[in-house]
Amino acid sequence: MPSAIPNGASAGLPPAAKIDPRGHRFGAGVSALLLIAATLTNSPWLVAVVLVSIGVSAAFGLRYSIYGVIWRRIVRWAKLGPAEPEHEYPPRFAQVLGSTALVLSLLAFALGAPVLGWLFALAVAALQTLLAVTGYCIGCRLYFLRWWVPELVTRIWTRGTPRASGSLAGSKISFR
101 MPSAIPNGAS AGLPPAAKID PRGHRFGAGV SALLLIAATL TNSPWLVAVV LVSIGVSAAF
161 GLRYSIYGVI WRRIVRWAKL GPAEPEHEYP PRFAQVLGST ALVLSLLAFA LGAPVLGWLF
221 ALAVAALQTL LAVTGYCIGC RLYFLRWWVP ELVTRIWTRG TPRASGSLAG SKISFR
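Residues 101 to 276 in my numbering are what the sequence shown lists, from first letter to last.
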């Protein structure tokens, strides 16, 4: 299964929980289906449901993911074996980006711009579908780019501790 995190990049991250990447993909699939259903039925309230789900885990950690709770039950019920765990921060950062887009979507609906609202929602649905189908997480990869947003979000999650050595400026990352 492809990893959402580039090879060798976890070494430059502060300590955090490890997640089952299959659960991340499962949650992405559920989110994508809900967002597509919302678009087809013209139901912005479903966008809000997805926002609550990914927003909670983005803010408080993936262990609080609504989809993660369901996934853990599926793993127990289906007796699935263990998976190679991944660092939580890149997928969590992707959820911050998705939550931001969904907030913009709901704001567009509230301001009377439904076309823009559906564009934001469908953009998130497309990226979630990509993750669910292929395991490739664009938001996770954006976490490793050298820009200030991932550093700021990491400082919030770690209560002030930056990523190892302040940034990834001097580290090599392989995107295989």
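By construction, the Cβ of each residue, glycine as well, lies at the ideal position given by its N, Cα and C atoms.
These numbers come from a predicted model, not from an experiment.
Which residues DSSP lists as bridging residue i, in chain order
i, result
"H187", "K118"
Buried versus exposed call for residue i [16 or more other C-beta atoms within 10 Å across all chains shown]
i, result
"E184", "exposed"
"L211", "exposed"
"W56", "An answer regarding residue 56 cannot be provided, because it is not within the stretch 101 to 276 covered by the chain."
"F160", "exposed"
"Y189", "buried"
Whole-angstrom distance between residue j and residue i, CA atom to CA atom
i, j, result
"I170", "A226", "22 Å"
"T139", "L180", "33 Å"
"Q195", "R122", "15 Å"
"V175", "T229", "21 Å"
"A178", "R172", "10 Å"
Residue i - containing alpha helix (DSSP H), residue span
i, result
"R173", "I166 to A178"
"T229", "P214 to T234"
"C240", "I238 to Y243"
Residue-level contact to chain C via CB, residue i, 8 Å cutoff
i, result
"A137", "Absent from the structure is chain C; it holds one protein chain and no more."
Taking 8 Å as the cut-off, does the segment 239-253 touch the segment 127-134 (at least 3 CB pairs, one atom from each stretch)?
no
Is it a yes or a no for the segment 147-163 touching the segment 197-209, going by three-plus beta-carbon pairs under 8 Å?
yes
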